[in-house]
């Protein structure tokens with residue numbers, strides 16, 4: 012009997028040990044799988060700089076000179092996303108590290124051989140931008156939006172005003188690269204444009220065959236979409252934006268003949284004349 016009891020006790024201990032070992036192995040396996048899955052699912056959310064809180068890491072990246080941004084953008088998805096964000100600009104501003112660069116378009120008298128160049132790069136020599144997509148154009152308009160250049164519409168210098176464009180390109184000044192945005196609703200050139208409260212407005216100008224335009228439209232970068240808004244009372248070409256109001260002019264024999272003011276904050280509904288496209 013004692014031997015039987017002793018044997019039973021030994022069996023129970025062995026069973027308990029085996030059960031505990033299996034349980035530990037199972038938990039360990041689950042933990043490894045969980046960590047692997049978590050790493051795969053959250054690859055984008057890895058620390059910006061290992062060992063540092065993200066707030067400190069973001070400040071460190073904000074201190075890097077601007078001409079290094081394109082290289083920083085290749086380090087990781089997290090760095091690239093942060094460099095392209097509005098938060099990055101805000102942190103650099105708070106750190107006193109904003110660098111203002113001047114972008115100029117140079118070329119010959121016929122508009123051929125155009126290229127974008129950067130001036131004011133601290134102690135660095137002038138830099139050339141990568142070639143802009145699409146055919147070489149003239150009569151386009153440029154605005155600055157969230158630190159990027161938007162080059163809108165215009166006409167081909169090789170085909171003249173017979174080839175008016177509605178294309179829009181964006182130059183990412185932090186990553187030194189071009190991308191294509193949504194086309195405008197109306198192809199135009201020599202038109203007025205402005206950025207107001209994060210939206211881009213295009214007003215008037217000339218269309219195909221040189222017809223004067225009174226149409227206006229607005230671009231929403233969050234939706235990557237152009238929307239036609241209330242048209243001007245008559246065709247316009249030059250404009251100035253002050254306090255959310257655009258003042259545009261018409262021209263006769265080289266002189267300003269009439270000034271029209273339109274409240275942009277009130278002009279966000281689709282145009283009844285042109286409708287939505």
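Residue numbers (the numbering used here): 12 to 288.
Every residue, glycine too, gets a C-beta built ideally from N, C-alpha and C.
Task: Where the alpha helix (DSSP H) containing residue 73 begins and where it ends - done: 65–73
- [ ] Check the C-beta distance from residue 201 over to residue 150 and give it rounded, since I have them as a contact under 8 Å.
- [x] 5 Å
Task: For residue 170, the three-state DSSP class (helix, strand or coil) - done: Look at residue 170 here: in three-state DSSP terms it is coil, with no helix or strand label.
Open item on the list: From the DSSP secondary-structure annotation, give me the bridge partner or partners of residue 183.
Closed with: Per DSSP, 188.
Open item on the list: The beta strand (DSSP E) that contains residue 100, what's its start and end?
Closed with: In the DSSP annotation of this structure, residue 100 is not part of any beta strand (DSSP E); the continuous alpha helix (DSSP H) holding it starts and ends at 97–105.
- [ ] In angstroms with no decimal places, state the Cα-to-Cα distance between residue 66 and residue 160.
- [x] 28 Å
Open item on the list: What does the alpha-carbon distance come out to for the pair residue 175 and residue 165?
Closed with: 6 Å
Open item on the list: Please classify residue 106 as buried or exposed, where buried requires at least 16 neighbouring CB atoms within 10 angstroms.
Closed with: exposed
Task: Collapsed DSSP secondary structure at residue 231 in the structure displayed - done: DSSP places residue 231 in the strand class (E or B) of the three-state scheme.
Task: Run of the beta strand (DSSP E) containing residue 129, from where it starts to where it stops - done: Looking at the DSSP string, the run of the beta strand (DSSP E) that includes residue 129 is 126–130.
TODO: Kindly indicate which residue of 195, 108 and 227 has the alpha-carbon position closest to the one of residue 75.
DONE: 108
Open item on the list: Within 10 Å of its beta-carbon, does residue 169 have 16 or more other beta-carbons around it, so buried, or fewer, so exposed?
Closed with: By the C-beta density criterion, residue 169 is exposed, having fewer than 16 other C-beta atoms within 10 angstroms.
TODO: Can you give me the start and stop residues for the beta strand (DSSP E) that residue 237 sits inside?
DONE: 236–240
Open item on the list: Measuring only the C-alpha atoms, how far is residue 140 from residue 129?
Closed with: 7 Å
Task: Inter-residue Cα distance where the pair is residue 190 and residue 148 - done: 16 Å
Open item on the list: I'd like the span of the beta strand (DSSP E) that includes residue 207, first residue to last.
Closed with: 203–207
- [ ] Ignore the nearest five residues each way along the sequence and tell me which others in residue 162's own chain have a CB closer than 6 Å to its CB.
- [x] 151, 153 and 180
Task: Cβ-based neighbour list, residue 186, same chain, cut-off 8 Å, excluding 5 preceding and 5 following - done: 80, 81, 84, 91, 94 and 95
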